[in-house]
Amino acid sequence: MNWGTELWDQYDNLSAHTQKGIEFLDKYGNFVKERCAIELEYAGKLRRLVKNYQPKRKEEDEYQYTSCKAFRQLLQELGDFAGQREVVAENLQSNVVRELHLLAKELREERKQHLNEGAKQMAVLNSAIGSLDRARRAYERAARESERALEAFQRADADLNLSRAEVEKQKANMKLRSQACEDAKHEYADQLRKTNEAQRQHYEQRLPHVFKQLQDLDEKRIKHIKNFMLSSVEVERKVFPIIKQCLDGMEHAANSINEKEDTQLVIDRYKSGFVPPEDFPFEEQRAGADTTDAAAAHNHHAQLTVRGTVSGNRIKKRGGLLSIFSSNKEDYSDLPPNQKKKKLQAKVHELNKQVGQEQAAMEGLMKMKGVYETNPTLGDPMTVEGQLNECCDKLKKLRAQLRKFEELLAEANSQVCAAPLNPAARTNGAAPAPAPQHPTSIGSNSGSLSRSASESSVSTGTGTGTGAGAGGGSVCGAGGRAAGGSPESGLGGELAAAHAEANGDHDNDHESDFDYYYEPDLQPLGYCKALYPFEANGTGSTMRMECGERLLVLETDAGDGWTRVRRQLTREEGFVPTTYIATTLYADAAH
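One gets my numbering by counting positions in the sequence shown from 1 and adding 331 to each.
Written out as structure tokens, the structure is:
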């Protein structure tokens, strides 16, 4: 990248560009200067605020309480904080503003020298071009005169009436003009050679040298702007430790407030030491005197009635089965049916391939973490946790896209989409799917699964159970930080976060995702979100679920570690491990 070769004919534009660059440098300098003024003004106002709220001499007695002492300490820390803002302003002024103005002055002088040199080289070239133009015009004039002299000689030689002397005179004039033309021609050729040489040197050496100097000047300006910005950041960063100490001091001051101690100080300060007065004595009245009955005090207790109502008849808009994808703009709806089908098939194939790749990557990361947990000398298991979370989130998004495009493909194939069963088709009191026979002792060999066995399988990722996918298992959702995603693998905090997330979003989820599939004859108790994937054991009592899947809760955990759920679309029912889901009951959501 060289201005001399790439921009050989842009002298005026380069001159204007370098001028604008220096003006931008001045603009940045004014910005930093005004920022310094704002920092100083901010610090000054903070110091004035601290001074105005310092305790007066007459208020010294009041500052024995812990709250007042904390406020005084806070004022002191705030004053130190203001001092750090002053340090920022002073360092910016000395390290950035002053150096920036010196640089702008230096660049202006250098630019002026380079432009003068460029103007000088342009003047040399223009002078050579002017000499060439004059030599060319002289040659043209001499050629015309030589041609006229030749024509005059030819006419005189052909005219028999002219004397010999007249003919010789015309001949001599012809030779003279011919010689002058030759001399002018040689001079023109010599000047042409010199001008071309000057032009080559101008555009190949002299002007590129000037442009290179202007380029170096502009790059120097840009580099210094970068350094000034980094210097400003460094000035700010250097005061962070002290500012943090100020904030820690404010926090310590706030934590030092003790209401019980202040209460005791009030008692110590205002306690009189006197004992309460004795009872008033009874005064005997003379017989027949009027007596006044004491007025009876009546206490009136207000009755508070608490009424709580939960409305079950909300008006909601029934959305289509694919309404959750209404914002998708890549469903190929603008293509003919056959082309749409092909595109959707290719998309489903691509997404399946990506899901397989992500699952393989996750299994590799889980195995790596398992090795690290087994032998910590090989590495820290926590180093793989971030990659597991990222891989899990990506896998969750890919599966959501896959489900979407599979539904679109099914619709394109004119197949009947899975829809909610008609409530009238169900028989009232129909028995649900049978619960696990022995949920506390279920294993892979007996066709059932216990909580401890499933969680152990998920934790190791290599067990024979089917707790989180047979074999390697996978981790997803909020609990995807551990190797297998079970609570025993160190995911207590992540499970709590996932439950909090589920409970935080229950209002919108309840109104958008589940109301469409609401059954009046068998009302669900709530809904849940799968924290980990789970594979059914094949006995018919358990049900498979994927990470992030939302299900309806039919029966809560009765103490055996299992929760009965229903899939929204297919109406499939079964039991899933309670520790694998985050549950939100409608009664809790109403409150």
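Glycine residues also receive a C-beta, built at the ideal position from the N, C-alpha and C atoms.
Exposure of residue i, with buried meaning 16 or more beta-carbon neighbours within 10 Å
| i | result |
| --- | --- |
| residue 901 | exposed |
| residue 612 | exposed |
| residue 785 | Here the model assigns residue 785 a pLDDT of 35, short of 50, so the residue's position is not dependable and the matter cannot be decided. |
| residue 911 | buried |
| residue 416 | buried |
| residue 375 | exposed |
| residue 449 | buried |
| residue 880 | buried |
| residue 598 | exposed |
| residue 541 | buried |
| residue 735 | buried |
| residue 546 | buried |
| residue 899 | buried |
| residue 336 | exposed |
| residue 868 | buried |
| residue 490 | exposed |
| residue 743 | buried |
| residue 571 | exposed |
| residue 616 | exposed |
| residue 954 | The structure shown does not extend to residue 954, since the chain is modelled only from 332 to 922, so the question has no answer here. |
| residue 872 | buried |
| residue 353 | buried |
| residue 675 | buried |
| residue 713 | exposed |
| residue 707 | exposed |
| residue 539 | buried |
| residue 413 | buried |
| residue 818 | Unreliable positioning characterises residue 818 in this predicted model, as indicated by a pLDDT of 36, which lies under 50. The coordinate reading is nonetheless provided below. Residue 818 comes out buried. |
| residue 550 | exposed |
| residue 864 | buried |
| residue 651 | Bear in mind that the predicted position of residue 651 carries a pLDDT of just 35, short of 50, making it unreliable; the figure below should be weighed with that in mind. Under this definition residue 651 is an exposed residue. |
Among the options, nearest to residue i - alpha-carbon criterion
| i | options | result |
| --- | --- | --- |
| residue 393 | 601, 918, 696 and 874 | 601 |
| residue 697 | 681, 889 and 721 | 721 |
| residue 693 | 434, 715 and 441 | 715 |
| residue 516 | 481, 473, 505 and 557 | 473 |
| residue 737 | 599, 916, 689 and 682 | 682 |
| residue 856 | 884, 545 and 369 | 884 |
| residue 381 | 704, 548, 908 and 411 | 411 |
| residue 422 | 434, 389 and 364 | 364 |
| residue 466 | 521, 447 and 353 | 521 |
| residue 866 | 874, 859 and 891 | 874 |
| residue 470 | 518, 862 and 391 | 518 |
| residue 484 | 468, 495, 493 and 502 | 502 |
| residue 917 | 890, 499 and 886 | 886 |
| residue 739 | 705, 719, 707 and 663 | 663 |
| residue 585 | 895, 396 and 872 | 396 |
| residue 429 | 347, 553, 332 and 562 | 562 |
| residue 687 | 727, 673 and 575 | 727 |
| residue 862 | 854, 872 and 876 | 876 |
| residue 367 | 419, 389, 414 and 334 | 419 |
| residue 525 | 464, 509 and 442 | 464 |
| residue 358 | 703, 434, 332 and 711 | 434 |
| residue 892 | 544, 436 and 909 | 909 |
| residue 385 | 703, 399 and 691 | 399 |
| residue 438 | 552, 389, 673 and 457 | 552 |
| residue 689 | 348, 718, 445 and 882 | 718 |
Whole-number beta carbon distance between residue j and residue i, since they are thought to touch under 8 angstroms
| i | j | result |
| --- | --- | --- |
| residue 409 | residue 377 | 6 angstroms |
| residue 679 | residue 733 | 7 angstroms |
| residue 426 | residue 566 | 6 angstroms |
| residue 914 | residue 878 | About 16 angstroms separates the two Cβ atoms, so there is no contact after all. |
| residue 511 | residue 497 | Incorrect: roughly 21 angstroms between the Cβ atoms, too far for contact. |
| residue 548 | residue 442 | 6 angstroms |
| residue 543 | residue 334 | 7 angstroms |
| residue 896 | residue 905 | 7 angstroms |
heavy atom of the ligand NAP below 7 angstroms from residue i C-beta
| i | result |
| --- | --- |
| residue 876 | This structure simply doesn't include the ligand NAP, nor any ligand for that matter. |
C-beta neighbour in chain B for residue i, strict 8 angstroms
| i | result |
| --- | --- |
| residue 571 | Reference to chain B is not applicable here, since this structure consists of a single protein chain. |
Runs of alpha helix (DSSP H) wholly within the region 376-450 (minimum 4 residues, chain order): 397-423
May I ask you to verify whether the region 564-583 touches the region 401-419, counting CB pairs closer than 8 angstroms and requiring at least 3? yes
Could you name each continuous alpha helix (DSSP H) segment of 4 residues or more that falls completely within the region 514-597, going from the start of the chain to the end? 538-569 and 571-586
For the pair the region 529-538 and the region 476-496, tell me if three or more CB-CB distances fall below 8 angstroms. Contact fails: fewer than three Cβ-Cβ distances are below 8 angstroms.
Could you tell me whether the region 431-450 touches the region 342-356, where touching means 3 or more Cβ pairs closer than 8 angstroms? yes
Entirely within the region 690-730 and at least 3 residues each: give me those beta strand (DSSP E) ranges in chain order. none
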